[in-house]
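Everything below concerns the one structure shown next.
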């Protein structure tokens, strides 16, 4: 009898302790031991499961994903409030996406290292032309237009045949990013560039399928996960070796017109402990990877949705013709006169958030949010999908309607609270202005020259538009046809390689 009494007492004390520990947490579903809520999350579309939970538990709720404490936020006002605070600037402790990086770079860095490196890179990008001031952004604009011309050259070479736009856009857009970050571009068939492109495409997929290993560390020893993680690690080391060779080739007297050159100058000065070769490799990889993946995915969604919605595409092209007239090529100054074109780009960002789970954050310390206790080392998910597909903020959210981003006078409406493609706060996307430049010049430039149509059976479109979720949410595999609206006057030539 005494034994049972002690067992009952221990159980009661444990229950009381759990209640005291959790009573001030945000509401949320019951979590299973060890695995938490993971078994109930759709591995193909986790953002849908998490959005559905918000309808039951509210705009801020708590779950456990394996061993990772997690708070999901679906209200943009709460997201902004949280991510602007220092106690929410930590990184979530995720093995595949952050543990591999060992706290280096921009994505995985924290504390003073992160603050200093972010400031350094942001200043470098501004000096390269990532600014709104017209007189200072011309160099960046011309750099991007080289890539736009390359894309048009390659698309025209397809002669209206069905094409996987991912390949052509990756060659042109990817080399714009390479030029800005590395001061280097590659020809389409260059073996080194083919290898780097395969790393980008395969890496996006592998991080998606190894996601569970972020939350259940023991999974990394299971063959499927182990092989995928090995591929990612080998790819990281190979990429760093390529960067190392580019570093060695760069001379001190070379122009400081790319991130690698600027970083090398800082390294040579030797004035700061947070600058190292390893840190540089990770910074370059973060900028090349994140800058290419997200912008590429957004452009692919943009062209796909306009190919499906031909009437909307015609309106864009009518606006482009009206403003550009005989010019075949847009410039950044044209944005203010092309509100419908810009609205279509924003609607593509809204309807298919390329980072549907948002950029995960973490908490430095025990803190509070909206009256709830948030423990130290909690992962914070600012759920972009839920924000962008909120049926109250956006009527018929699954419909592609650019008018959402226009006011009653057909002018751009830039006051959309429920639109956060670059997120908020101290860790928001530092290349947001560059991304806007890229999206506009590539999107408007290609649509001025080509009519885009989809070359898929109607019954396949639903699956294609659902997308495939890895690091980013991409369209399902599909083919598009790019046919000349009229033969452009500009003689597009292949990019200059150096």
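In this note's numbering, the protein residues as written are 4 to 501.
Cβ coordinates follow ideal geometry from the N, Cα and C atoms, glycine included.
The structure displayed is predicted, hence computed values, not measured ones.
To the nearest angstrom, report how far apart residue i and residue j are at their CA atoms.
i, j, result
"residue 202", "residue 161", "25 Å"
"residue 489", "residue 159", "11 Å"
"residue 225", "residue 74", "28 Å"
"residue 483", "residue 435", "27 Å"
"residue 501", "residue 194", "A caution first: residue 501 carries a pLDDT of 46, below 50, which makes its placement in the model too unreliable to give a value."
"residue 23", "residue 33", "Residue placement at residue 23 cannot be trusted, given a pLDDT of 46 that sits under 50; the coordinates are not used to answer."
"residue 237", "residue 223", "15 Å"
"residue 167", "residue 377", "45 Å"
"residue 2", "residue 121", "In the structure as shown, the chain begins at 4 and stops at 501. Residue 2 is therefore absent and cannot be evaluated."
"residue 235", "residue 307", "30 Å"
"residue 408", "residue 421", "11 Å"
"residue 468", "residue 253", "44 Å"
"residue 243", "residue 282", "10 Å"
"residue 315", "residue 248", "47 Å"
"residue 444", "residue 438", "10 Å"
"residue 265", "residue 127", "7 Å"
"residue 43", "residue 228", "20 Å"
"residue 273", "residue 481", "49 Å"
"residue 259", "residue 134", "17 Å"
"residue 143", "residue 132", "5 Å"
"residue 46", "residue 470", "13 Å"
"residue 394", "residue 335", "33 Å"
"residue 460", "residue 466", "11 Å"
"residue 304", "residue 169", "10 Å"
"residue 190", "residue 78", "44 Å"
"residue 276", "residue 101", "21 Å"
"residue 241", "residue 232", "14 Å"
"residue 3", "residue 141", "A question about residue 3 goes unanswered here, because the residues of the chain that appear run from 4 up to 501."
"residue 417", "residue 342", "11 Å"
Among the options, which has the Cα closest to the Cα of residue i?
i, options, result
"residue 56", "322, 127, 133, 386", "386"
"residue 51", "451, 491, 390", "390"
"residue 423", "155, 76, 267, 324", "76"
"residue 36", "250, 58, 72", "72"
"residue 205", "486, 481, 475, 492", "475"
"residue 157", "140, 143, 192, 135", "192"
"residue 184", "231, 87, 117, 262", "262"
"residue 430", "406, 82, 49", "82"
"residue 427", "41, 46, 87, 67", "87"
"residue 80", "465, 442, 419, 459", "419"
"residue 114", "368, 477, 411, 221", "368"
"residue 328", "109, 140, 491", "491"
"residue 250", "284, 140, 232, 432", "284"
"residue 361", "171, 425, 136, 119", "425"
Could you check where the beta strand (DSSP E) with residue i kicks off and where it finishes?
i, result
"residue 483", "483–487"
"residue 40", "Element bounds for residue 40: n/a, residue is neither H nor E."
"residue 453", "453–457"
"residue 68", "63–68"
"residue 340", "Looking at the DSSP string, residue 340 is not in any beta strand (DSSP E), and its letter there is neither H nor E."
"residue 76", "71–76"
Roughly how far, in whole angstroms, is the beta-carbon of residue i from the beta-carbon of residue j, given that I think they are within contact range, below 8 Å?
i, j, result
"residue 354", "residue 403", "6 Å"
"residue 301", "residue 357", "5 Å"
"residue 392", "residue 54", "7 Å"
"residue 448", "residue 103", "No, residue 448 and residue 103 are not in contact; Cβ-Cβ is about 36 Å, not under 8 Å."
"residue 89", "residue 380", "With 8 Å as the limit, residue 89 and residue 380 do not qualify as a contact, their Cβ atoms being about 15 Å apart."
"residue 458", "residue 49", "Going by Cβ atoms, the distance from residue 458 to residue 49 rounds to 30 Å, so no, they are not a contact pair."
Under DSSP, the alpha helix (DSSP H) around residue i begins and ends at which residues?
i, result
"residue 187", "Unbroken run through residue 187: none, as it is neither H nor E."
"residue 385", "Here residue 385 belongs to no alpha helix (DSSP H); instead the beta strand (DSSP E) covers 382–385."
"residue 464", "464–469"
"residue 230", "226–252"
Short check: CB of residue i to CB of residue j, under 7 Å?
i, j, result
"residue 299", "residue 148", "no"
"residue 65", "residue 28", "yes"
"residue 388", "residue 363", "no"
"residue 287", "residue 246", "yes"
"residue 123", "residue 383", "no"
"residue 319", "residue 340", "no"
"residue 366", "residue 93", "yes"
"residue 278", "residue 270", "yes"
"residue 451", "residue 486", "no"
"residue 106", "residue 295", "no"
"residue 415", "residue 345", "yes"
"residue 216", "residue 38", "no"
"residue 400", "residue 347", "no"
"residue 63", "residue 373", "yes"
"residue 219", "residue 446", "no"
"residue 146", "residue 175", "no"
"residue 208", "residue 473", "yes"
"residue 310", "residue 456", "yes"
"residue 433", "residue 125", "yes"
"residue 150", "residue 179", "yes"
Measuring only from the beta carbon, is residue i closer than 6 Å to any heavy atom that is part of the ligand ZN?
i, result
"residue 368", "No copy of the ligand ZN appears in this structure; indeed no ligand is present at all."
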